[in-house]
Each structure stands twice: as structure tokens, then as C-alpha cells.
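Engineer: Mind having a look at this structure? Questions to follow.
See below:
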């Protein structure tokens with residue numbers, strides 16, 4: 012993996028190949044799990060970072076569920092590498108991994124990601140066929156069983172926020188649901204998106220504050236403050252519905268409703284100058300600052316077992 | 903390979919609920935093929951939309967006739983995509999050597 016450039020964007024083949032190298036170079040820490048396959052039969056891979064133990068508490072992180080948000084997959088690669096290289100060097104990360112496993116899905120929507128490289132750079136959704144429509148794909152972040160089908164999503168298959176025919180209709184979503192529920196000990200779920208520089212937590216599908224609203228809000232404040240320390244990048248934070256919009260059927264509402272208290276969504280750089288076309292020169296600064304916020308959340312998970 | 907030559911990204915600032923509703927209706931007009939990057943949610947929050955070249959005139963006329971202010975944030979999407987592609991090619995050449 013020495014030849015891999017973390018400061019450029021890569022295809023799915025390059026990322027999957029790099030993942031194999033990471034596993035090969037860190038066999039005592041990193042392994043690769045296939046949790047399912049996409050609509051077009053691509054494998055859904057998760058990197059597992061574990062120092063041992065049986066069914067330890069776990070942190071789930073995913074990037075790239077919206078395929079055109081390339082900064083997220085690139086940040087995922089950098090972050091996974093950071094976890095592998097800092098274990099044993101960074102005392103805080105080492106203490107996290109000595110008690111908690113980390114599961115990391117870097118290319119959460121592989122069909123969409125491959126399509127952004129081959130055919131349409133602006134593709135967001137999955138690539139599944141919709142009965143009765145010439146438009147393909149479902150928004151995998153409106154497909155979860157948490158307020159599914161509400162007005163913060165669309166019933167029109169041609170719209171980018173199409174929620175799909177039924178909850179978890181997309182194999183990319185169902186595979187995560189099955190994995191997380193069968194694991195049974197996931198304590199944090201962090202889903203990384205772009206852009207607009209926000210750190211969000213439940214709920215998106217209702218205005219009622221989450222029972223843990225205060226704790227989630229306090230931790231979000233700490234995390235965005237840590238993030239800003241590196242390059243001065245300003246994030247807003249709060250519940251999804253209060254901070255950006257009503258969004259039904261989203262990942263972190265599902266995870267929170269299924270008992271995962273520390274459920275967060277990031278919206279990485281930028282605030283609109285480039286949108287999804289963020290220059291590759293911003294990959295490493297983005298990943299570096301995001302790491303500081305991720306560490307705050309992971310440290311909190313480590314220090315506040317429930 | 904889909905080309906985005908002449909497509910622009912507009913940042914729109916809607917000032918009331920009527921304007922927000924109008925922007926939402928635009929997405930359902932499939933002929934326009936607009937693509938919201940930041941969705942129209944509530945007055946005051948920015949809306950980013952990629953507008954294909956063939957729909958630019960129609961969308962801008964609609965915005966201006968309803969006095970909805972906008973600015974152009976990306977003048978030609980394809981130019982940025984070409985830069986992105988070039989950067990990836992350079993990176994791959996470096997890896998091989």
C-alpha cells in the first residue's frame with residue numbers, strides 16, 4: 012500500500028485492492044468481512060479493526076452511501092489507514108481499540124460508486140430497477156425503517172430522494188441492518204456524507220427531541236470544536252430536522268430507534284463552492300479534521316459504556 | 903460517459919414559503935432534468951441546483967420572473983470534471999512508475 016495516494020480519488024477496484032493490502036499488512040488488527048452483495052452483485056466489504064475478545068462493543072462507520080459524495084470514500088480510506096497506523100502509537104486510539112471493535116464500510120453503495128466513475132459522475136442512488144419506471148435507483152438514505160415513506164422523502168422513482176418500494180428494499184441497506192442487528196453490541200453508528208459541514212443526530216423524521224438529545228448535542232459541540240481546531244473549518248450541529256430538514260427513512264434514525272445511542276451523521280466539506288466536485292487537494296485536510304471529531308465521539312463511546 | 907458541458911450549479915436564496923414550494927415543483931418537471939445538491943427546505947437556507955445547459959434559460963427565467971435571487975457557483979460543471987479526471991490520471995501514472 013506504499014504506492015497508494017491518499018490525496019487523490021480512486022476507483023472501486025483501487026479501493027478494494029488497497030483494502031486487501033491493509034489487511035495483509037496488519038493481520039493482527041484488520042480483517043475484511045463481506046456482509047452481502049449489491050444489486051449488481053458487487054461484494055459489500057467491511058473492515059473490522061479488532062484487538063481480540065468476543066463480541067466486544069462496536070463502533071460502526073460508513074462512507075459513500077451517496078455515491079457521488081467522493082470526499083467521503085476518500086476520507087474513509089484515509090481514516091481506515093489512520094486507525095491501522097496509529098494503533099499502538101496514539102494512546103487514546105489504542106485505548107479505544109483495546110475495548111471496542113471498529114467496523115468500517117468504505118464503499119457503502121458500490122454500484123452507484125462504479126457508475127460515478129464509468130457513466131455519470133453525479134449519480135447518488137443505488138442502481139436497482141424500479142418496476143413501472145424508466146428511472147433507476149433508490150436513495151439508500153431514505154430506505155431505512157424509521158419514518159419510512161414520509162414527506163421528507165419522495166415516492167417518485169425519478170427523484171433523487173426516492174425512498175424505494177418498502178423499507179430495506181435495497182440490499183446495500185438490508186445487509187447493514189442484518190449485520191448490525193445480528194452483532195447486537197453496536198454502541199455507535201456514524202454515517203458520513205457530504206457536503207455542507209454539519210454534524211447531525213436524531214431525529215430527522217420527527218420534531219420530538221431524542222431522549223438522549225442533550226448528551227448527543229453536547230458531544231456534537233465538542234466534536235465540531237475539535238474539528239475546527241485544525242484548519243478553522245466551521246461546522247453546524249444539531250438534530251437533523253432542526254438543522255437542515257425533515258428527512259424520513261434515514262440511517263441514523265434507524266440506528267437510534269434500534270438502541271444505538273451514539274448515532275451521528277457527518278456532512279463533510281465544503282459549503283457550496285465545489286459541492287460534490289471537491290478538489291482532490293482537499294481530501295487530506297478534510298480527512299485530518301474529520302479524524303479529530305471522530306476521535307471525540309469514539310473516546311466518548313469508550314468512556315461511557317451503556 | 904455522460905457529459906455536463908455547459909451545466910451550471912446555481913445557489914438560490916428563497917425568501918418565503920411560496921418560493922420554496924415553487925423550487926420543489928421544479929424537481930418534478932422531468933424535462934428540465936435539474937438535480938438538487940442542496941434541497942429547497944425553508945426560506946433562508948441555501949439551495950444548490952445543477953441545471954443542465956438545455957434547461958438554463960428556462961430555469962433562470964423562472965427564477966428571475968419570481969424575483970428569486972441566485973448566483974452561479976459553478977460556471978461549467980464539465981470543466982471541473984475534466985480537471986478531476988486529469989488529476990486522477992496523473993495520480994495513476996505516478997503509481998505505476
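Residue numbers (our numbering), protein chains in the order written: chain E, 12 to 317; chain C, 903 to 999. We treat Cβ as the ideally placed atom computed from N, Cα and C, and that holds for glycine.
Are there 16 or more other CB atoms within 10 angstroms of the CB of residue 218 of chain E, so buried, or fewer, so exposed?
Structural biologist: Looking up residue 218 of chain E in the first chain gives position 207. Exposed.
Engineer: Checking contacts by CB at 7 Å: is residue 916 of chain C closer than that to chain E?
Structural biologist: In the second chain, residue 916 of chain C corresponds to position 14, counting from 1. Chain E, which has no Cβ nearer than 7 Å to the Cβ of residue 916 of chain C, makes this no.
Engineer: DSSP three-state call for residue 80 of chain E: helix, strand or coil?
Structural biologist: Taking the first chain and counting its residues from 1, the one referred to as residue 80 of chain E is at position 69. The answer is coil: DSSP assigns residue 80 of chain E none of H, G, I, E or B.
Engineer: Whose C-alpha, out of E:93, E:180, E:56, E:111, is nearest the C-alpha of residue 68 of chain E?
Structural biologist: The residue labelled residue 68 of chain E in the question sits at position 57 within the first chain. Of the listed residues, the one whose Cα sits closest to residue 68 of chain E is E:111.
Engineer: Counting only beta-carbon atoms, is residue 131 of chain E nearer than 7 Å to chain C?
Structural biologist: Against the first chain, residue 131 of chain E aligns to sequence position 120. It does: the Cβ of residue 131 of chain E has a partner Cβ on chain C nearer than 7 Å.
Engineer: List the residues of chain E that residue 926 of chain C touches, going by C-beta distances under 8 Å, in chain order.
Structural biologist: Along the second chain, read from residue 1 onward, the residue named residue 926 of chain C stands at position 24. Within chain E, no residue comes near residue 926 of chain C; the closest Cβ sits about 10 Å away, beyond 8 Å.
Engineer: Listed in chain order, which residues of the region 962-981 of chain C have Cβ atoms closer than 9 Å to some Cβ of chain E?
Structural biologist: Cβ contacts with chain E: 975, 976, 979.
Engineer: Quick one: using the 10 Å Cβ neighbour count with 16 as the cut-off for buried, is residue 137 of chain E buried or exposed?
Structural biologist: Locating residue 137 of chain E in the first chain gives position 126, where the first residue counts as 1. Burial call: buried.
Engineer: What residue ranges within the region 245-288 of chain E form continuous alpha helix (DSSP H) runs of no fewer than 4 residues, ordered along the chain?
Structural biologist: Segments of the alpha helix (DSSP H) lying fully in the region 245-288 of chain E: 251-254, 262-268.
Engineer: Note down the Cα distance separating residue 50 of chain E from residue 968 of chain C, rounded to an integer number of angstroms.
Structural biologist: Indexing the first chain from 1 puts residue 50 of chain E at position 39. Indexing the second chain from 1 puts residue 968 of chain C at position 66. Answer to the nearest angstrom: the Cα atoms are 42 Å apart.
Engineer: With a cut-off of 7 Å, does the C-beta of residue 291 of chain E fall near any C-beta of chain C?
Structural biologist: Taking the first residue of the first chain as 1, we reach residue 291 of chain E at position 280. Judged by the 7 Å Cβ criterion, residue 291 of chain E is in contact with chain C.
Engineer: For residue 170 of chain E, go through chain C and note every residue whose CB falls closer than 8 Å to its CB, in chain order.
Structural biologist: Looking up residue 170 of chain E in the first chain gives position 159. What residue 170 of chain E touches in chain C: 929, 930.
Engineer: Answer with yes or no whether the minimum CB distance from residue 984 of chain C to chain E is below 7 Å.
Structural biologist: As a position in the second chain, residue 984 of chain C is number 82, starting the count at 1. No, residue 984 of chain C does not count as interfacial toward chain E.
Engineer: With a threshold of 8 Å, are at least 3 pairs of Cβ atoms found where one atom belongs to the region 969-981 of chain C and the other to the region 913-924 of chain C?
Structural biologist: They touch, by the three-pair rule.
Engineer: Please identify, using Cβ separations under 7 Å, the residues of the region 14-38 of chain E that lie next to chain C, in order along the chain.
Structural biologist: Here the close residues are 14, 16, 19, 20.
Engineer: Hey, could you find the ends of the beta strand (DSSP E) residue 220 of chain E is sitting in?
Structural biologist: Position 209 of the first chain, counted from the first residue, corresponds to residue 220 of chain E. Counting along the chain, residue 220 of chain E falls outside any beta strand (DSSP E), and DSSP gives it neither H nor E.
Engineer: Beta-carbon within less than 8 Å of residue 22 of chain E's beta-carbon, same chain only, minus the 5 sequence neighbours each way: which residues are those?
Structural biologist: Position 11 of the first chain holds residue 22 of chain E. Only 125, 128 meet the Cβ criterion.
Engineer: For residue 129 of chain E, does the three-state DSSP call read helix, strand or coil?
Structural biologist: Your numbering for residue 129 of chain E matches position 118 in the first chain. Looking at residue 129 of chain E - three-state DSSP - the assignment turns out to be helix.
Engineer: Looking at C-alpha atoms only, which residue of E:222, E:282, E:187, E:300 is the closest neighbour of residue 940 of chain C?
Structural biologist: Counting from 1 along the second chain, the entry for residue 940 of chain C is found at position 38. Selected option, being the one with the closest Cα: E:282.
Engineer: Under the assumption that residue 171 of chain E contacts residue 135 of chain E (Cβ atoms under 8 Å), give the Cβ distance between them as a whole number of angstroms.
Structural biologist: Counting from 1 along the first chain, the entry for residue 171 of chain E is found at position 160. Counting from 1 along the first chain, the entry for residue 135 of chain E is found at position 124. Right, their Cβ atoms sit about 5 Å apart.
Engineer: DSSP puts residue 116 of chain E in a beta bridge; with which residues?
Structural biologist: In the first chain, counting from the first residue as 1, residue 116 of chain E sits at position 105. Beta-bridge pairing links residue 116 of chain E to E:73.
Engineer: Between which residues of its own chain and residue 998 of chain C is the CB-CB distance below 7 Å, once the five residues before and five after are set aside?
Structural biologist: Numbered from its first residue, the second chain carries residue 998 of chain C at position 96. Confidence is the limiting factor: at residue 998 of chain C the pLDDT is only 48, short of 50, which leaves the residue's position unreliable and the question unanswerable from this model.
Engineer: DSSP state of residue 952 of chain C, grouped into three classes?
Structural biologist: Working through the second chain from its first residue, we reach residue 952 of chain C at position 50. Three-state DSSP puts residue 952 of chain C in a strand.
Engineer: What in chain E is Cβ-close to residue 989 of chain C, meaning under 7 Å?
Structural biologist: On the second chain, position 87 is the one that residue 989 of chain C refers to. Neighbours of residue 989 of chain C on chain E, chain order: 19, 291.
Engineer: Can you look up residue 973 of chain C in the DSSP assignment and give me helix, strand or coil?
Structural biologist: Against the second chain, residue 973 of chain C aligns to sequence position 71. Residue 973 of chain C falls in the strand class under three-state DSSP.
Engineer: Alpha carbon to alpha carbon, how far is residue 274 of chain E from residue 213 of chain E?
Structural biologist: Within the first chain, numbered from 1, the residue matching residue 274 of chain E stands at position 263. Within the first chain, numbered from 1, the residue matching residue 213 of chain E stands at position 202. Their Cα atoms are separated by approximately 7 Å.
Engineer: Shortest alpha-carbon distance to residue 950 of chain C belongs to which of C:986, C:922, C:985?
Structural biologist: As a first step, residue 950 of chain C must be located in the second chain, where it is residue number 48. Out of C:986, C:922, C:985, C:922 has the C-alpha closest to the C-alpha of residue 950 of chain C.
Engineer: Can you grab the Cα-Cα spacing for the pair residue 241 of chain E / residue 297 of chain E, in whole Å?
Structural biologist: Residue 241 of chain E sits at position 230 when you count from the first residue of the first chain. Residue 297 of chain E sits at position 286 when you count from the first residue of the first chain. Cα-Cα distance, rounded: 10 Å.
Engineer: If you draw a straight line from the C-alpha of residue 255 of chain E to the C-alpha of residue 982 of chain C, how long is it?
Structural biologist: Position 244 of the first chain, counted from the first residue, corresponds to residue 255 of chain E. Position 80 of the second chain, counted from the first residue, corresponds to residue 982 of chain C. Those two C-alpha atoms are separated by around 27 Å.
Engineer: So the alpha helix (DSSP H) residue 903 of chain C belongs to, where does it begin and stop?
Structural biologist: Locating residue 903 of chain C in the second chain gives position 1, where the first residue counts as 1. It is not in any alpha helix (DSSP H) - residue 903 of chain C carries neither H nor E in the DSSP assignment.
Engineer: Between the region 148-163 of chain E and chain C, which residues of the former have CB atoms less than 8 Å from a CB of the latter, in chain order?
Structural biologist: So nothing in the stretch comes that close.
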